[in-house]
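Line by line, the protein sequences are chains U and C. Counting from 1386, one number per residue, gives the positions in the first sequence under this note's numbering. Counting from 1386, one number per residue, gives the positions in the second sequence under this note's numbering. Report on the following structure.
2 protein chains.
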Amino acid sequence: MVVDDEPSIRDLLSASLRFSGFEVLTAADGQEAVEVAERASPDLVVLDVMLPDLDGFEVARRISAPVLFLSARDATEDKIAGLRVGDDYVTKPFSLEEVQARIRAVLRRTQGEAAPVSRLKVADLELDEESREVWRGGRQVRLSPTEYKLLHYFMVNAGRVLSKAQILDHVWNYDFGGDAGVVESYVSYLRRKVDDVEPRLIHTLRSVGYVLREPPAG
Amino acid sequence: MVVDDEPSIRDLLSASLRFSGFEVLTAADGQEAVEVAERASPDLVVLDVMLPDLDGFEVARRISAPVLFLSARDATEDKIAGLRVGDDYVTKPFSLEEVQARIRAVLRRTQGEAAPVSRLKVADLELDEESREVWRGGRQVRLSPTEYKLLHYFMVNAGRVLSKAQILDHVWNYDFGGDAGVVESYVSYLRRKVDDVEPRLIHTLRSVGYVLREPPAG
DNA sequence: GTGAGCGTTCAGGAAAATTTCAGGTCGTTG
DNA sequence: CAACGACCTGAAATTTTCCTGAACGCTCAC
């Protein structure tokens, strides 16, 4: 369940989650959130801390499901206060990659191994979602947070062509104003760190985008 | 639903889409778009970002259907801002091939496998729409964006004779000023890359056009 | 405070794609 | 068979896109 009073955020999250195969309910305020949660018993609630009526923490207290809080970046204090075990939080503005990663982490904790897949693998490139470690050909590689998120997005979508706009939408925060040049830079960094040996896995499709995949045998 | 205040664009798109079997409604401004969308619940909205009354993003927010935005090439900023997951955009001037490809991609994502067909096949020539890969006789072939669009157009219309004017209208941007010579050049490139073995699939119909098809057994 | 690491922008150069052009080939017609 | 139009394709010119090193500012840890 997604709870936020801003329609744009609500739509952004629910569309993104539905696309990833989740079943999504929404609510626009605390009152509605509590009601819907009672009827539908969601597995997890993504909950804005700032709601027009009730405080997000108050809502969380009335809901049995684990909660992923959304809070403004500067509201540092809030963060810790209302967190129960199993909960987590993400600061606004977030990137979709980030939210989905947290959601999966929470579900993995609360539902045991019902939400598996923590290790991604393409050719001799490996990524562990839990430890955030990355290896190429057995050698471990150190990545910065953005590099990691970008590589993760590539690996989750291995074999699929991704436009720079798509990459920007998923890996960078939703309010990022810069242009797609930063994607090129980070692809360049990634190549240097994880794609400096054969077979090359990150391929440029000029004026289309990028794709991570094993080149065909022939 | 097609939303654009320029009648020429509106007609171009709606005629092209109707011809491809879509049911099309149109609107000339944001107000009308919201009203029509409420009544008709379209599966997808093709929406110009620049409308005389409301901002395209504002319209999108009031519509539940996924949106394919049309934006001017230089409006780099706009692109990212309003995109929800599931949405996509195409810059003006576009080619009809491009718009239809994006529309099908969005529908495939939002309607699950209700709009399938991501793999086209003619004889031993194959094309994967998702990964943009092409094979002839099992061997993968690398194509430039225009080569790919041209081959895609041929394959979607396999067995149908296409005039150079038709090809120009669909594969090149609608404001392309050059002459049909480029089509000849690109057919030549395609032949070299994907039609250099028997059976020949791209056939010239002198002073009529081209056709992609398996030659009859006899 | 200060330094290291990270994210972002920018710009030059390189690479690739697109378009045009021209000379040659092929088919058709008279 | 000669002439013409249509077509093919190599190559040059042009445009677009991409890569990457360098610089700058910010944050965070010490």
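For glycine and all other residues, C-beta sits at the position ideal for the given N, C-alpha and C. Source: prediction; values computed, not measured.
Could you check what DSSP says for residue i in three-state terms: helix, strand or coil?
i, result
"Q1525/C", "strand"
"R1598/U", "coil"
"F1454/C", "strand"
"L1586/C", "coil"
"D1473/C", "strand"
"L1505/U", "strand"
"L1468/U", "coil"
"D1410/C", "This sequence places Leu at residue 1410/C; Asp is not what is there. If DSSP states are grouped into helix, strand and coil, L1410/C belongs with coil."
"V1388/U", "strand"
"D1560/U", "coil"
"V1546/C", "coil"
"V1519/C", "strand"
"A1565/C", "coil"
"V1572/C", "helix"
"D1581/U", "coil"
"R1403/C", "helix"
"R1591/U", "coil"
I need the straight-line Cα distance from residue i to residue j, nearest angstrom please.
i, j, result
"F1404/U", "W1557/U", "18 Å"
"V1387/U", "S1449/U", "15 Å"
"E1462/C", "A1413/U", "Low confidence applies here, because E1462/C scores a pLDDT of 47, under 50, leaving its location unreliable and the question unanswered by this model."
"A1422/U", "G1566/U", "42 Å"
"R1395/U", "R1489/C", "25 Å"
"V1541/U", "R1446/U", "34 Å"
"E1514/C", "D1472/C", "18 Å"
"S1456/C", "G1497/U", "45 Å"
"R1517/C", "R1493/C", "16 Å"
"D1390/C", "V1526/C", "41 Å"
"V1568/U", "D1554/U", "11 Å"
"L1337/C", "V1519/C", "No statement about residue 1337/C is possible, as the shown extent of chain C runs from 1386 to 1603 and does not include it."
Under DSSP, the alpha helix (DSSP H) around residue i begins and ends at which residues?
i, result
"L1536/C", "1530-1541"
Which stretch, first to last residue, makes up the beta strand (DSSP E) that contains residue i?
i, result
"L1492/C", "It is not in any beta strand (DSSP E) - L1492/C instead sits in the alpha helix (DSSP H) that spans 1481-1495."
"E1511/U", "1510-1513"
With a threshold of 7 Å (Cβ to nearest heavy atom), would residue i be considered close to the ligand PLP?
i, result
"R1527/C", "The ligand PLP is absent from the structure shown, which contains no ligand whatsoever."
Would the region 1418-1427 of chain C count as touching the region 1509-1524 of chain C if we require 3 or more Cβ pairs under 8 Å?
Judged by Cβ distances under 8 Å, the region 1418-1427 of chain C makes no contact with the region 1509-1524 of chain C, as fewer than three pairs qualify.
Quick one: complete alpha helix (DSSP H) runs, 4+ long, within the region 1426-1450 of chain C?
Entirely contained in the region 1426-1450 of chain C, the alpha helix (DSSP H) runs reaching 4 residues are, in chain order, 1441-1446.
Indicate whether the contact test is met: 3 or more Cβ pairs, each with one atom in the region 1396-1412 of chain C and one in the region 1478-1492 of chain C, closer than 8 Å.
Contact between the region 1396-1412 of chain C and the region 1478-1492 of chain C is present, because at least three Cβ pairs lie under 8 Å.
Indicate whether the contact test is met: 3 or more Cβ pairs, each with one atom in the region 1526-1539 of chain C and one in the region 1571-1583 of chain C, closer than 8 Å.
Segments in contact, yes.
Could you say if the region 1545-1564 of chain U and the region 1582-1601 of chain U meet the contact criterion of at least three C-beta pairs nearer than 8 Å?
Of all C-beta pairs linking the region 1545-1564 of chain U to the region 1582-1601 of chain U, three or more are shorter than 8 Å, placing the two stretches in contact.
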